[in-house]
Each structure stands twice: as C-alpha cells, then as structure tokens.
Amino acid sequence: MHGFKTAFGMLLACSLAATVPPALAADSYPNKPIRLMVGFPPGTATDTVARLIAERLGQLYNWNVVVENKAGQAGSIGATDVVRAAPDGYSLLISANGPLSTNPNLYASTIRYNPTKDFTAISKVADLPYIMAVRTDSPYKSVQELLQAAKAKPGDLNYATLGQGSTSHLISATFATKTGTEYMHVPYKGSSEAMVAVISGDVDFIFDTSVAVAPQIQANRVRPLAVSTASRMSAMPDIPTLDESGVSGFDMAAWLGVVGPAGIPEDIVKKLNAGLREALSSPEVIERMNALGSVVTLSTPEEFSEFLVTEFSKWGDALTQAGVPRQ
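If you're matching positions, the sequence shown starts at 3 in our numbering and goes up one per residue.
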C-alpha cells in the first residue's frame, strides 16, 4: 500500500507539473542558461550583435545567455538545430534574412524547415542597410546619371556582388528590374574581393552592407550614391535613399531577428520580447549598433511573424527576378 501511495504521489506530481499555467512558467523563466544560436562564425555581424544582446540581458536581468556558433549552409545549420530544440525558451536563434527567407527559397530541396511555420517569432532587432557605391573617380555622381548611361548602352555597365544568390546579388537584380535597365553580373567570393574590383575600376558599382562600404567612404576610395532602405541612415544622413533618387518604393535590406522553435508559451515569448526591447533601447547600445552599420529596429512578436511571411515571399521573388536556379 505504501508503494502504491508513493507511485500515485509521483504520478500526481508529474501531472501537476505538466499542467502548470504558462503565467507561472514565465514567472520562473529563465532558471537556467539560455542558448542563443548564431549560424555564422565568431566575428561576423550576426555574432557581434548576439554577444551585445547577451551582455545587455545579463546586465539588466542577470540572465545567463550563452552564444553558440554553428556555421554552415549559409547559416541554416544553426537554424535547423534550433527548430529541433524543445520549445521552452531556452534555445533561441538570432538570424539574418538568409536562413529565414533566402536560403529556404534557394535550397528548397535540402533545407527541411519552413521559416513561416517552424519558428516562434520573438522580435526583429535590426536592419542592415545596403549602400550603392561607385569608385571615387567614377563618372556617375548620382543614381540618375548611372541609369542614363545604362539605358543608353544596355548591358554595357556591370556590378559586383558577393556571389550568386547573395543578398547583394538579389538587391542588384531587383534594382535592375525596377529601373528597366540591364547590367552584367560579376560575382566574387566575398565582400573584400568585390570591393577591390569596384575601387580598381573593374566593375561600375556595388550594393554592399554599410559595414563594408563605410570604411571605404571614409578612406575616399568609393562614392556612395544611395541607401537601399526606405529611410536614410542616421549614421550617414547625407546619403539619399533610392526612392529619393527616383527608384520609387525601393526598400530592401539585410536584417536580424530572434526566433525560437515553434510552440514556445506566449508568456515566455512576451518576456523575451520585453527583454530584447529593453536591452536594445539604450542610447549606448543604439550608438554601438550604428557603429556596426546596423539600425536598431524592434517589433512585437506578431509584427515579426507577419514580417517573416512577407520577407520569405519577397526574397523568393528576388531570386526569380535574378534568374537564380533553385537547388
């Protein structure tokens, strides 16, 4: 009889634990380290922002946030790891647009997650604008001057990108489509090679992140023509937007956001969202983010969830326009 009571007590305790209201679960959250996955190597923009977030959440709430790097498949290996984790709020992913929008379109046969269904959206955290730039002695001093030359000699001008299917490629291809102009695409292995090609005059222009372009502007090696976002960058307010330069409605950029596996309790999602909002809202953090070439851009979980759906569609369309075959 004693054994029966013990077994029954254990069963009852387990049953009660399984039915703890979400609010009570959120009250005790977090009570162990939170893993923040980065699908890229240490030192990348995503990794740097992840470590800033971990630092701030530790300072503000004494949360133990551990950044874990698992690079591969353009960031999607880390994303796959988080998809398979328990939906308890202790495994999160900070991701750029690639793993959550471009890659699932481009590598549909090998990526086994749906970015609009298999994640819990926590918050968007930053935009990373791209800058359209030419070499300093380029004859093109504005977007309109470049467009006039492109229309006069279709296919004569060329642009550098960071590789086939990269964000810089898709933004460049969308620019060509929206302006009705034709260019020769010259892909490079990365930002450094592509920027050297622009500076040396091997190619006419490039779209690259503000992180990559800003030092070249400061060194007077390239001339910025426009930014790819709807609003000007506060760190470089003199650079006009493409919309202001006559390319109506142009708004494309890389971005960063935090997600977790599908099914995280709503109260934990709200607690994480509030924590991120507080961590990234101080003037000091905003200044540090600006120095990284990123703009703090926060959202509610609902807004970010809708944004992920829109972005998945937008970057899929961009791949089609660029003529990049699905793999």
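From the three backbone atoms N, C-alpha and C, an ideal C-beta is built for every residue, glycine too. As the structure is a prediction and not an experimental result, all values here were calculated from the model.
Every beta strand (DSSP E) of 3 residues or more that sits fully in the region 32 to 118 is shown, in chain order, as 36 to 40, 67 to 71 and 93 to 98.
Selection L310, S296 and I266 evaluated against A87 yields I266 as nearest (Cα-Cα). When C-alpha distances from L321 are compared across T104, R53, T50 and E70, the shortest belongs to T104. For T322, DSSP assigns no beta-bridge partner whatsoever. Under the three-state reduction of DSSP output, F177 falls in the helix class. The Cβ neighbour count for P285, taken over all protein chains shown within 10 Å, is under 16; the residue is labelled exposed. Ranked by Cα distance from D29, the first of W317, E268 and V188 is E268.
Under the three-state reduction of DSSP output, L244 falls in the coil class, being neither helix nor strand.
DSSP places P303 in the helix class (H, G or I) of the three-state scheme. Rounded to the nearest angstrom, the gap between the Cα atoms of D204 and V40 is 34 Å. Minimum Cα-Cα distance from V213 among the listed residues R37, I36, V51 and P32 corresponds to V51.
Note that the region 93 to 111 does not touch the region 221 to 237; fewer than 3 beta-carbon pairs, one per stretch, sit closer than 8 Å.
A residue is called buried when at least 16 other Cβ atoms come within 10 angstroms of its Cβ; N222 does not meet this threshold and is exposed.
Its chain contains L38, V67, V68 and V69 as the residues whose beta carbon lies nearer than 8 Å to that of A56, once the 5 sequence neighbours on both sides are disregarded; these appear in chain order. Counting along the chain, the unbroken beta strand (DSSP E) around A255 starts and ends at A255 to P263.
Of the candidates K180, P35, G157 and L310, K180 places its Cα closest to the Cα of S247.
For the options G74, I36 and I133, the alpha carbon positioned closest to that of D253 is the one of I133. Put simply, the backbone Cα of K119 is about 14 Å away from that of N107. Assigned with DSSP and collapsed to three states, K126 falls in strand. DSSP places L278 in the uninterrupted alpha helix (DSSP H) bounded by E268 to A281. Counting only residues of its own chain and dropping the five nearest sequence neighbours on each side, P32 has a CB closer than 8 Å to the CB of W65, N66, G91 and Y92.
Beta-bridge partners of T163 (DSSP): P189. Listed as beta-bridge partners of T211 by DSSP are Y132. In chain order, P131 and V229 place their CB closer than 6 Å to the CB of M235, counting only its own chain and leaving out the 5 sequence neighbours on each side. Annotated as distal: A162 and T183, with beta-carbon spacing of 8 Å or more.
Under the three-state reduction of DSSP output, L149 falls in the helix class. Around the Cβ of D240, a 10 Å sphere holds fewer than 16 other Cβ atoms; the residue is exposed. Between T82 and A264, the beta carbon gap of about 13 Å keeps them out of contact (Cβ cut-off 8 Å). With respect to the 8 Å criterion, F209 and V200 are not classified as neighbours on the basis of their beta carbons. The beta carbons of T138 and A256 sit about 25 Å from each other, so the pair does not count as a contact at 8 Å. Per DSSP, A228 lies in no alpha helix (DSSP H); the unbroken beta strand (DSSP E) holding it starts and ends at V224 to V229.
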